[in-house]
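In UniProt numbering, the protein residues as written are 1 to 549. Take a look at the structure below.
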């Protein structure tokens, strides 16, 4: 019996698979459909060595608890709120750009000093998620979300009312700490409620919120600064956050699996909502001891937990290449305004509108890549004879998740690389504005779609602490992004537009073998990490038993 089906039971009277079947044919009846297939197992490996496997049941019935007890409607509600929350951090970073000159004039300081607030914002954008992510994995998503948005609201209130540069600098750092920490929580909420077979779709929805921010916020910021003054930008951010926080506090349930398990364990204390209270009344008090969470002792969040992710071999490769893709994305966004102003002599509002094709491509990519990932997951499962369990989730020890996630990246990213090169030379030739706008849409569609896929794989590879994994990703990306934006203007002046963007596109080509290595070696590294963590857990339990005795 394969490990995948060890806990299953047999329906009486069902046929069994013959051990004399051909070695490369899964023992599946034609009526079984796509969701029931024979499973990758030691018996399959035995077939490849010419050894007849033991008979396998045709219709396994999985046992054990569901991966998530939340209804489909509740899941959609959780994902929708996570998508709206994911909009905040990129919106806050980009809505500020059109107002740099008005803010400098209003506070009586130079634009260089205002640019310093961008640097400090990015530093906190890199650091804050490492603390918030660890706190969210430990105490729950709800407390972390509520604390972050409360900090963000008060920071915006102060920014809207302040009248000196020092207050602006400090409050922008506080604003960054409140907004950027939510990104890791949004992805973690998806991992809490969605099995790997359908995770791509939900990750895409959250990614759409992230990608709409850079597209719409410069336009919104330009309109607010031009017609209502720069302070209206911070009032807008405050109103948006408060509008989100009220329904979240009232009606979005806790999802952290360390706190509520699969959702069947009633939340307590600050993890509770009105829905949690109603669920507690309906849940029998004699909940099985195995369903009760261990007593949780809260501690101060440890940002170094995110660094541990960086030192895992498979995750390090993934984070590195994801960062390279993100660099191309952010460098194009950072130079768009200056290049378009210099070439096409556009106003601030017109430049803001030029971000729309880029953002539209990002949004389409985020939504479509989710469906592509889920379809490829099902295709790979059918090909290797893997039974997908939408209710209880899949045991990825027996599934090549790296291959399933990375296969769509190659054609998508190749198109994006070609579009980046064309974009650079179109700007170099100073063609009609329509040319770079069309290419911006393609770059947004393909480049953003690629690192969105890698983000999904990151959560798949580190399911025990997804917020911490995303925080590590954010830390690496933001630090490299801050360094890249510091010298990109000098690079443009030295190499010219065409060769600068060609250089960054070729960087992606040069390091692309990292994806192949991850596909080939990833499953082994993933299993080594699982065994290592299991051994540490057993040693900890043994030490605890020795102390108690």
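For glycine and all other residues, C-beta sits at the position ideal for the given N, C-alpha and C. Just so it is clear, the structure is predicted and the values come from calculations on it, not from any experiment.
Excluding residues up to 5 positions away in sequence, 204, 449, 452, 453 lie with their Cβ nearer than 6 Å to the Cβ of residue 369 in the same chain.
By the Cβ neighbour-count rule, residue 230 is buried, with 16 or more other Cβ atoms within 10 Å of its own.
Residue 520 and residue 444 have their alpha carbons spaced roughly 29 Å apart. Taking the Cα positions, residue 494 is about 27 Å away from residue 123.
Per DSSP, residue 388 is not a residue of any alpha helix (DSSP H), being assigned neither H nor E. In the three-state scheme derived from DSSP, where H, G and I count as helix and E and B as strand, residue 240 is classed as helix. Around residue 372, the same chain offers 408 as residues with beta carbons nearer than 6 Å, after the five sequence neighbours per side are excluded. In the structure shown, residue 87 adopts coil according to DSSP, grouped into three states. The beta carbon of residue 222 is closer than 7 Å to those of 98, 348, 349, 352 in its chain, skipping five residues each way along the sequence. Rounded to whole angstroms, residue 210 and residue 385 show a C-alpha spacing of 35 Å. Within its own chain, the residues whose Cβ lies closer than 8 Å to the Cβ of residue 423, once the five positions on either side in sequence are excluded, are 332, 436, 439, 440, 443, 501, listed in chain order. Annotation for residue 134: the continuous alpha helix (DSSP H) segment containing it runs 111–139.
In the three-state DSSP reduction, residue 377 falls in the helix class (H, G or I). Looking from the CA of residue 219, the closest CA among 356, 269, 181 belongs to 356. Take the alpha-carbon of residue 78 and the one of residue 192: they are about 10 Å apart. Residue 314: member of the alpha helix (DSSP H) spanning 313–344, first to last residue. Under a 10 Å Cβ-count criterion, residue 531 is classified as exposed, with fewer than 16 other Cβ atoms of the shown protein chains found around its own Cβ.
In the three-state reduction of the DSSP assignment, residue 399 falls in the coil class, being assigned neither a helical nor a strand state.
Non-local C-beta neighbours of residue 142 in its own chain, meaning closer than 6 Å and more than five positions away in sequence, comprise 254, 271, ordered along the chain.
With a 10 Å radius around the Cβ and a threshold of 16 neighbouring Cβ atoms, residue 168 comes out buried. For residue 499, the enclosing alpha helix (DSSP H) covers residues 497–510.
Residue state for residue 410 is assigned as helix, using DSSP reduced to three classes. The beta carbons of residue 505 and residue 429 sit no closer together than 9 Å. With contact defined as three or more Cβ pairs closer than 8 Å, the stretch 234–243 and the stretch 148–168 are in contact.
Here residue 119 is exposed, its C-beta having fewer than 16 other C-beta atoms within 10 Å. Contact between the stretch 177–187 and the stretch 456–476 is present, with at least three C-beta pairs closer than 8 Å.
By alpha-carbon distance to residue 326, the top candidate from 250, 508, 486 is 508. A direct Cα-to-Cα measurement between residue 421 and residue 514 gives close to 21 Å. For residue 272, there is no enclosing alpha helix (DSSP H), as DSSP marks it with neither H nor E. If the five residues before and after residue 455 are omitted, its C-beta is found closer than 8 Å to the C-beta atoms of 187, 203, 207, 322, 470, 473, all from its own chain and listed in chain order. Going by C-alpha positions, residue 345 is about 21 Å away from residue 224. The beta carbons of residue 522 and residue 314 sit closer together than 9 Å. Assigned with DSSP and collapsed to three states, residue 423 falls in helix. Counted as a single uninterrupted DSSP element, the alpha helix (DSSP H) harbouring residue 227 occupies residues 199–227. Rounded to the nearest whole angstrom, the CA to CA distance from residue 398 to residue 391 is 17 Å. Straight-line measurement puts the Cα of residue 308 at about 24 Å from the Cα of residue 121.
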